[in-house]
Amino acid sequence: MELRAYRGFNVPRLFVESPVNRDEAVERFYQGVVGTLRRVMRAAKIDMTVVGAENIPAEGGALIAGNHTGYADFILLGTGPFLRGERLVRFMAKDSLFDVRGLGWLLRKMKHVPVDRAKGGASIAPAVEMLQEGNLIGIFPEATISRSFELAEFKTGAARIAKQAGVPLVPCVIWGSQRIWTKDLPKRFWRVPVIVRYGAPIDLTGDAEADTAELKRQMQVLLDDSRTEYADLAGPGTGEPWMPASLGGTAPTIEQAEEIYAEERAARDAKKRRK
Numbered sequence: 001m002e003l004r005a006y007r008g009f010n011v012p013r014l015f016v017e018s019p020v021n022r023d024e025a026v027e028r029f030y031q032g033v034v035g036t037l038r039r040v041m042r043a044a045k046i047d048m049t050v051v052g053a054e055n056i057p058a059e060g061g062a063l064i065a066g067n068h069t070g071y072a073d074f075i076l077l078g079t080g081p082f083l084r085g086e087r088l089v090r091f092m093a094k095d096s097l098f099d100v101r102g103l104g105w106l107l108r109k110m111k112h113v114p115v116d117r118a119k120g121g122a123s124i125a126p127a128v129e130m131l132q133e134g135n136l137i138g139i140f141p142e143a144t145i146s147r148s149f150e151l152a153e154f155k156t157g158a159a160r161i162a163k164q165a166g167v168p169l170v171p172c173v174i175w176g177s178q179r180i181w182t183k184d185l186p187k188r189f190w191r192v193p194v195i196v197r198y199g200a201p202i203d204l205t206g207d208a209e210a211d212t213a214e215l216k217r218q219m220q221v222l223l224d225d226s227r228t229e230y231a232d233l234a235g236p237g238t239g240e241p242w243m244p245a246s247l248g249g250t251a252p253t254i255e256q257a258e259e260i261y262a263e264e265r266a267a268r269d270a271k272k273r274r275k
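And the structure:
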């Protein structure tokens with residue numbers, strides 16, 4: 001793919017600039033946070049390639065579903081919306097985080113979405129409302145970082161939320177984030193190539209299980225394409241801890257990663273019972 005530089009990113013040569021979204025441009029605090037993060041990433045020489053940003057609507061609501069391999073994913077998923085008229089992404093977060101002093105203020109200031117998991121199906125109502133008001137919302141269907149760096153099991157929430165809100169469900173994959181900062185591996189905040197790729201919106205049928213399976217299938221296609229291109233940027237990654245075992249790396253397999261997660265969850269549950 002032939003690329004060109006644009007505002008600190010590598011984008012396809014035929015990328016077309018979008019007009020600034022005026023409704024979101026006035027949110028100076030969040031826009032200031034985005035600007036600061038862009039400068040930090042540029043200073044750290046994080047080489048970001050963004051493909052498919054045109055699949056994100058320049059106006060109106062949409063749910064962007066991304067894979068989750070590292071702690072920087074919240075920043076990286078927002079690069080496509082930035083290129084679509086400096087749009088902002090609201091993320092769904094546990095409601096308990098909004099009670100943390102300082103952090104809660106930041107989350108509310110940027111209009112992120114609290115999720116009360118105790119409410120079950122009703123917990124998606126705030127996200128549906130935000131989407132219907134014309135916001136972009138980011139969600140990670142795996143619900144946790146995948147230590148295998150493969151697509152783990154998906155929850156059906158993304159499909160249910162997008163269908164109920166009547167907005168596009170846009171698949172997104174991020175590859176390279178796990179080299180910056182992830183679970184169990186050393187941090188590397190310097191000279192890391194990253195690819196962020198967005199696909200065409202999923203055709204939703206209303207069958208949450210089937211729609212989730214289709215979302216995962218399309219994200220796997222995007223991920224395979226990104227991994228192939230990434231090898232040209234960073235080499236094959238054979239024997240590297242950030243590369244999936246299925247591709248010659250030393251990351252845990254999907255089964256091993258699930259075992260680790262199950263052990264962590266059991267330990268958390270035991271700790272709660274002791275309190």
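To convert, note that position 94 of the sequence shown is 94 in the UniProt record's numbering; the numbers rise steadily by one, no gaps. We put the beta carbon where it would ideally sit given N, CA and C, even for glycine. Since this is a predicted model, take the numbers as computed values, not measurements.
Separation of G60 and T205 (C-alpha to C-alpha, rounded to the nearest whole angstrom) is 21 Å.
Taking every protein chain shown into account, the CB of W190 has fewer than 16 other CB atoms within 10 angstroms, so this residue is exposed. Three or more pairs of CB atoms, one per stretch, sit closer than 8 Å, so the segment 158-174 contacts the segment 121-130. Judged by beta-carbon spacing, P252 lies beyond the 9 Å limit of A262, meaning their Cβ atoms are not closer than that value. In the three-state DSSP reduction, Y71 falls in the coil class, being neither helix nor strand. Residue environment: F29 is assigned as exposed (fewer than 16 neighbouring CB atoms within 10 Å of its CB, all protein chains considered). For D211, the three-state secondary structure derived from DSSP is helix.
Straight across, the Cα-Cα distance linking L77 with I195 is about 10 Å.
In this structure, D225 is the residue among A231, D116, D225 with its C-alpha nearest to the C-alpha of R197.
In its chain, beyond the 5 residues on either side, F149, G237, T238, G239, E240, P241, W242, M243 have a beta carbon closer than 8 Å to the beta carbon of G249.
Remark: C-beta atoms of A58 and S18 approach each other more closely than 9 Å. Looking from the CA of F140, the closest CA among M130, G157, R147 belongs to G157. A straight line joining the alpha-carbon of Y71 with that of S146 spans about 11 Å. Collapsing the DSSP output to three states places M41 in a helix. Distances from the CA of A43 to each of N21, G8, A25, Q31 were compared; the closest alpha carbon is that of G8. If the five residues before and after F154 are omitted, its C-beta is found closer than 6 Å to the C-beta atoms of P141, T212, K216, all from its own chain and listed in chain order.
Within the segment 96-183, complete alpha helix (DSSP H) segments of at least 4 residues are found at 103-109, 125-132, 157-165, 177-180, given in chain order. At a Cβ-Cβ threshold of 9 Å, I46 and M92 do not count as neighbours. Counting the other CB atoms within 10 Å of its CB gives A25 a total below 16, which places it among the exposed residues.
The secondary-structure analysis by DSSP pairs R197 across a beta bridge with V51, V173.
Under the DSSP assignment, A267 falls in the alpha helix (DSSP H) whose first and last residues are 254-274.
Taking C-beta separations shorter than 7 Å and ignoring five residues to either side along the sequence, the partners of W181 in its chain run G70, Y71, A72, K187, following chain order. In the same chain as Q220, and ignoring 5 residues on each side of it, the C-beta atoms closer than 7 Å to its own belong to L151, in chain order. For P186, no beta strand (DSSP E) run applies, since DSSP gives it neither H nor E.
Looking at the DSSP output, P12 shares a beta bridge with L3. In the displayed model, M219 falls within a helix according to three-state DSSP.
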